[in-house]
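If you're matching positions, the sequence shown starts at 1 in the UniProt record's numbering and goes up one per residue.
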Amino acid sequence: VSIRLYLILVLAMVSVSSTSLVIRYVTVVPALTLAFWRMLSASGMLWGYSLASSCGSLSPINKKLTVFSGVFLGLHFAFFFLGVRHTSIANATLLGNTGPFFTTIFALFSGERISKMTYLGLGLALLGVLIVQGSGINLGGEKILGNSVSLLSGFFVGLSYVFSSKIREETENLVYGRSLFLVAAVTIGVVSVFMGDSLLQFQKEHIVWLIFLGLVPSILGHNMLNYAIKYLTPTTVASVPLGEPVIATMLGYVIFSERVPFETVLGGPIILCGIYIILKSHSAN
Numbered sequence: 001v002s003i004r005l006y007l008i009l010v011l012a013m014v015s016v017s018s019t020s021l022v023i024r025y026v027t028v029v030p031a032l033t034l035a036f037w038r039m040l041s042a043s044g045m046l047w048g049y050s051l052a053s054s055c056g057s058l059s060p061i062n063k064k065l066t067v068f069s070g071v072f073l074g075l076h077f078a079f080f081f082l083g084v085r086h087t088s089i090a091n092a093t094l095l096g097n098t099g100p101f102f103t104t105i106f107a108l109f110s111g112e113r114i115s116k117m118t119y120l121g122l123g124l125a126l127l128g129v130l131i132v133q134g135s136g137i138n139l140g141g142e143k144i145l146g147n148s149v150s151l152l153s154g155f156f157v158g159l160s161y162v163f164s165s166k167i168r169e170e171t172e173n174l175v176y177g178r179s180l181f182l183v184a185a186v187t188i189g190v191v192s193v194f195m196g197d198s199l200l201q202f203q204k205e206h207i208v209w210l211i212f213l214g215l216v217p218s219i220l221g222h223n224m225l226n227y228a229i230k231y232l233t234p235t236t237v238a239s240v241p242l243g244e245p246v247i248a249t250m251l252g253y254v255i256f257s258e259r260v261p262f263e264t265v266l267g268g269p270i271i272l273c274g275i276y277i278i279l280k281s282h283s284a285n
């Protein structure tokens, strides 16, 4: 893995982690509404930029694949937020971040060989997440609905990464990202209407945060992960967001002087170590 890719992945991890810091300013906005405008604003910015620059277009087959990938990405966000309604945030975070484990399963079914170092890195990252989220995790039967929905969100994002890997083989990231986010926004919008959430339930002062969510966590975050997925495996890229609770806690400490929980101090380095091992494993292969 080149230094440039490392820097891109670090940028993506920090950018994605900023989401939880923004949420506190828009607590009155329904979660699905936030997700919808996050995806739509990101798509709008990418489409606007692409009009001012010369870029290609999706091939007919990749148009179809992008629809699938966008639907799965939209379902990931929708199911994650729906899961939070019916289980604890710790449960939803743990189960919603199972993307790299699903991409590993998909790779095994497709006949790919997974290195022992990758398994080690995934195991360490999972251990770290369990330590960080441990006190709030309850996988008991009374939360089975929320836990199942959250697990499905991890499954959907894993599928989206697999499709992204295939599409990015021959498609520019800008061309892919603008359509991916648009399809995801439409998907979230459909789910929001079905659930009875209004897509217009926000105030004027919230608009800047909706744009921020589109620019930072989406374009500088998720879109940069899609850039990297052309050069790395889906499992490698999907493991990066596992560091989100660690980085979010660090940002909270730096920006808001929030107390850093002992669990994060203990489990955080283990998560980051696991992600690093996965990246080094890709380099070795």
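Here a beta-carbon is modelled for each residue, glycine too, at the ideal position from N, C-alpha and C. Computed from a predicted structure; not experimentally measured.
{"Check": "Hey, could you find the ends of the alpha helix (DSSP H) N97 is sitting in?", "Outcome": "Element bounds for N97: n/a, residue is neither H nor E."}
{"Check": "Keeping to the same chain, check which residues put their C-beta closer than 6 Å to that of S20; ignore five residues upstream and five downstream.", "Outcome": "A248"}
{"Check": "Counting C-beta neighbours from all protein chains within 10 Å, is the total for R178 16 or more, i.e. buried, or is it exposed?", "Outcome": "buried"}
{"Check": "Would the beta-carbon of W95 fall within 8 Å of that of G154?", "Outcome": "The sequence given here has Leu at residue 95, not Trp. Yes, they are a contact pair."}
{"Check": "Nearest by alpha-carbon distance to N226: which of I61, V265, S164 and F202 is it?", "Outcome": "S164"}
{"Check": "Might you give, ordered along the chain, the residues of its own chain that have their beta carbon closer than 7 Å to the beta carbon of N147, omitting 5 neighbours on each side?", "Outcome": "T87, N91, L95 and L139"}
{"Check": "With distances taken from CA atoms, which of T235, S41 and T27 is nearest V157?", "Outcome": "T235"}
{"Check": "Quick one: measure Cβ to Cβ for T66 and L180, integer angstroms, because I've assumed they're closer than 8 Å.", "Outcome": "6 Å"}
{"Check": "So, for M224: in the same chain, excluding its five sequence neighbours on each side, which residues have a beta-carbon less than 8 Å away from its beta-carbon?", "Outcome": "I8, L9, L11, A12 and S15"}
{"Check": "Do residue 309 and G189 have their C-beta atoms closer together than 8 Å?", "Outcome": "The structure shown has nothing for residue 309, since the chain only spans 1 to 285."}
{"Check": "Exposed or buried, which one is I255 when buried takes at least 16 other CB atoms within 10 Å?", "Outcome": "exposed"}
{"Check": "Taking only runs that begin and end inside the UniProt domain \"EamA\" (6-132), name each unbroken alpha helix (DSSP H) of 4 or more residues, in chain order.", "Outcome": "19-23, 31-51, 60-86, 89-96 and 99-109"}
{"Check": "Identify, in the order they occur along the chain, each residue of the same chain with its Cβ nearer than 7 Å to the Cβ of S18, setting aside the five sequence neighbours on each side.", "Outcome": "V216, P217 and L251"}
{"Check": "Which value, in whole angstroms, describes the spacing of the CA atoms of P100 and Y25?", "Outcome": "30 Å"}
{"Check": "At which residues does the alpha helix (DSSP H) containing G252 begin and terminate?", "Outcome": "E244 to F256"}
{"Check": "Tell me whether L200 sits in a helix, a strand or coil according to DSSP, three-state version.", "Outcome": "coil"}
{"Check": "Note the first and the last residue of the continuous alpha helix (DSSP H) segment covering S192.", "Outcome": "N173 to M195"}
{"Check": "Should F80 be labelled buried (16 or more other beta-carbon atoms within 10 Å of its own) or exposed?", "Outcome": "buried"}
{"Check": "Since Y161 and R168 should fall inside the 8 Å C-beta cutoff, what is the C-beta to C-beta distance between them, to a whole number of angstroms?", "Outcome": "Contact doesn't hold; Cβ gap of about 10 Å is too wide."}
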